[in-house]
Amino acid sequence: MSNVKEYAAGSTPTHTNLKPQKSTLCSSSPQISAMIPDYVASAPGKALLAGGYLVLFPEFSGLSVALDSRVYAAAKRGQQPLVVECPQFASEWKLPEDTRNPYLAAAYNVVSSYYGEPLTGKVTIWSDDGFHSQAGVTGPRLLKRFANHGKDITQVPKTGLGSSAAFVVAVVRGLVALRTDEVSLQTVHNLAQIAHCIAQGKIGSGFDVATAVYGTILYTRFPAATIDACMPDAGGQLQTELVRKCVDSAWDMSFSKQSLPDSVQLVLGDVAVGTKTTGMVKKVLSWKQNNPEASAALFSDLNAANQGLVRALDANTDIKQALSAVRAQLQRLTRESQVDVEPLSQSKRLDAASEISGVLGAVVPGAGGDDAVCLLVDSNVASVEAVLAELNKRVSDVSWMQLDADSTGLKSEPVQEFDW
Numbered sequence: 000m001s002n003v004k005e006y007a008a009g010s011t012p013t014h015t016n017l018k019p020q021k022s023t024l025c026s027s028s029p030q031i032s033a034m035i036p037d038y039v040a041s042a043p044g045k046a047l048l049a050g051g052y053l054v055l056f057p058e059f060s061g062l063s064v065a066l067d068s069r070v071y072a073a074a075k076r077g078q079q080p081l082v083v084e085c086p087q088f089a090s091e092w093k094l095p096e097d098t099r100n101p102y103l104a105a106a107y108n109v110v111s112s113y114y115g116e117p118l119t120g121k122v123t124i125w126s127d128d129g130f131h132s133q134a135g136v137t138g139p140r141l142l143k144r145f146a147n148h149g150k151d152i153t154q155v156p157k158t159g160l161g162s163s164a165a166f167v168v169a170v171v172r173g174l175v176a177l178r179t180d181e182v183s184l185q186t187v188h189n190l191a192q193i194a195h196c197i198a199q200g201k202i203g204s205g206f207d208v209a210t211a212v213y214g215t216i217l218y219t220r221f222p223a224a225t226i227d228a229c230m231p232d233a234g235g236q237l238q239t240e241l242v243r244k245c246v247d248s249a250w251d252m253s254f255s256k257q258s259l260p261d262s263v264q265l266v267l268g269d270v271a272v273g274t275k276t277t278g279m280v281k282k283v284l285s286w287k288q289n290n291p292e293a294s295a296a297l298f299s300d301l302n303a304a305n306q307g308l309v310r311a312l313d314a315n316t317d318i319k320q321a322l323s324a325v326r327a328q329l330q331r332l333t334r335e336s337q338v339d340v341e342p343l344s345q346s347k348r349l350d351a352a353s354e355i356s357g358v359l360g361a362v363v364p365g366a367g368g369d370d371a372v373c374l375l376v377d378s379n380v381a382s383v384e385a386v387l388a389e390l391n392k393r394v395s396d397v398s399w400m401q402l403d404a405d406s407t408g409l410k411s412e413p414v415q416e417f418d419w
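Count the sequence shown with numbering that gives the first Met the number 0 and you get residues 0 to 419, in order.
What follows is the structure in structure tokens.
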């Protein structure tokens with residue numbers, strides 16, 4: 000893992016790849032279709048490899064890995080009232096009136112408030128297979144690459160890869176593209192963080208949005224007060240002056256760019272029968288508040304283990320031992336807090352997976368619980384295909400996904416590949 004550069008939020012540069020990209024696939028075409036978008040943005044999903052619970056606090060950090068599954072937003076400028084469509088999920092929204100999708104509504108409201116006027120044109124949203132269950136997919140692929148689910152997105156199970164954050168970041172950048180080609184990553188990040196918090200009804204750590212913007216990072220959060228000042232008023236309205244002041248200010252947060260070693264591959268497992276982690280964070284925080292000394296010691300040890308993993312990945316050595324140390328602290332958190340961060344059902348899966356040749360280690364990602372498993376595989380020892388074949392034999396109640404880590408966050412895509 001390479002610690003390329005550490006950025007304070009106020010010094011984040013403009014991303015050079017945010018300009019519209021031309022496709023070499025259709026460069027000989029004599030004329031461009033009117034349906035080709037003016038700009039296409041894409042943002043990655045994430046896996047919080049280390050830093051669950053700790054990432055909520057500014058004194059700690061979390062290692063969040065960007066994935067090669069992306070959400071895309073294709074923007075077409077026009078004077079007509081804004082229409083957003085998602086052909087994969089047979090959905091269309093006319094904004095600002097249609098508020099059925101809270102993430103879309105929040106993204107629109109924040110961006111339009113920032114610019115001080117309504118947005119016009121069209122945005123088309125696409126997403127890669129990794130974000131949703133592929134069961135029940137029908138018909139040919141759309142644009143030859145995207146699954147056609149044929150039903151509303153709320154009816155298709157998610158896989159927990161941070162689709163809401165990737166969605167908000169891609170859509171925010173698409174909405175901004177209706178007005179301008181040039182925008183800094185910092186501006187998109189701040190707009191998206193505000194929108195994501197509004198949609199969720201709370202101010203979270205923001206690591207998932209930051210990953211969707213900046214890529215694989217070691218992340219330290221911003222104070223909640225940063226966004227508090229520009230949240231909707233009692234009438235549910237955003238104030239342009241407050242939104243602009245918040246977005247254009249330097250936030251007290253930091254991140255350092257990271258990347259996994261070339262030989263280390265990421266495998267994620269979606270537990271089909273698993274329980275969701277709703278309420279787990281609240282329970283752990285309640286335990287922390289009621290047990291300040293014990294929790295402080297545990298969090299310090301967990302943080303040390305997480306930092307050890309970062310160093311091991313950076314040096315590409317002792318990764319197996321570092322992952323084992325992280326898992327040991329998560330098991331300790333499970334025992335002391337009496338919250339199922341690593342429940343027995345997961346321990347059995349992780350133990351079985353860890354015994355497979357080539358597997359460096361296995362942990363419960365993010366907040367833990369019984370719904371996901373994360374493995375690191377040394378491709379110098381065994382191919383990912385061989386590991387997956389063995390996983391399907393030994394841990395059969397999990398849907399396994401090979402996902403490449405992606406050090407790149409928000410970027411532009413060739414517009415002619417999105418001629419819809």
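The beta carbon of each residue, even a glycine, is placed where N, CA and C say it ideally should be.
> Straight-line CA distance for S111 to P117?
Replying inline: 5 angstroms
>> Measuring only the C-alpha atoms, how far is C229 from V83?
In response: 25 angstroms
> Under a three-way DSSP split, which group does C245 fall into?
Replying inline: helix
> Exposed or buried, what is E96 when buried is set at 16 or more other beta-carbons lying within 10 Å of its beta-carbon?
Replying inline: exposed
>> Under DSSP, the alpha helix (DSSP H) around P43 begins and ends at which residues?
In response: Premise fails: P43 lies in the beta strand (DSSP E), Y38 to A49, not in any alpha helix (DSSP H).
> Is the number of C-beta pairs between the stretch 194-214 and the stretch 401-412 that are closer than 8 angstroms three or more?
Replying inline: yes
> Apart from the five residues on each side of it in sequence, which residues of its chain come closer than 8 angstroms, Cβ to Cβ, to D232?
Replying inline: Q238
> Using DSSP with H/G/I as helix, E/B as strand and the rest coil, what is V266?
Replying inline: strand
> How big is the Cα-Cα spacing for W135 and D251?
Replying inline: The question names Trp, yet the displayed sequence has Gly at residue 135. Approximately 45 angstroms, taken between the alpha carbons.
> Can you list, in chain order, the residues of its chain whose CB lies under 7 angstroms from that of G203, leaving out five sequence neighbours each side?
Replying inline: C196
> From what residue to what residue does the alpha helix (DSSP H) around K392 run?
Replying inline: V383 to R393
>> Quick check on the DSSP output: what are the complete beta strand (DSSP E) runs of length 3 or more inside the stretch 326-361, in order along the chain?
In response: none
> Name the DSSP beta bridge partners of I124, please?
Replying inline: A72
> Where does L62 fall in DSSP's three states?
Replying inline: strand
> Between L387, D369, G368 and A366, which lies nearest to L420 when the distance is taken from Cα to Cα?
Replying inline: Coverage of the chain is limited to positions 0 through 419, which leaves residue 420 absent and any answer about it impossible.
>> Suppose only complete runs of 3+ residues qualify. What are the beta strand (DSSP E) ranges in the stretch 79-113, listed by chain order?
In response: 82-85 and 90-93
>> In the DSSP output, which residue or residues are listed as bridge partners for W399?
In response: G268
> Is the number of C-beta pairs between the stretch 356-367 and the stretch 42-55 that are closer than 8 angstroms three or more?
Replying inline: yes
> From S262 to K256, what does the alpha carbon distance come to, in whole angstroms?
Replying inline: 18 angstroms
> Which first and last residues belong to the alpha helix (DSSP H) in which F221 is found?
Replying inline: Segment: none, F221 is in no alpha helix (DSSP H) and carries neither H nor E.
>> Could you compute how far the alpha carbon of N289 sits from the alpha carbon of V338?
In response: 14 angstroms
>> On a Cα-Cα basis, can you pick out the residue from A361, V283, E416 and T119 that is closest to S323?
In response: A361
>> Taking 8 angstroms as the cut-off, does the stretch 160-174 touch the stretch 139-148 (at least 3 CB pairs, one atom from each stretch)?
In response: no
> According to DSSP, is T186 helix, strand or coil?
Replying inline: helix
> Just how far apart, CA to CA, sit C373 and G200?
Replying inline: 28 angstroms
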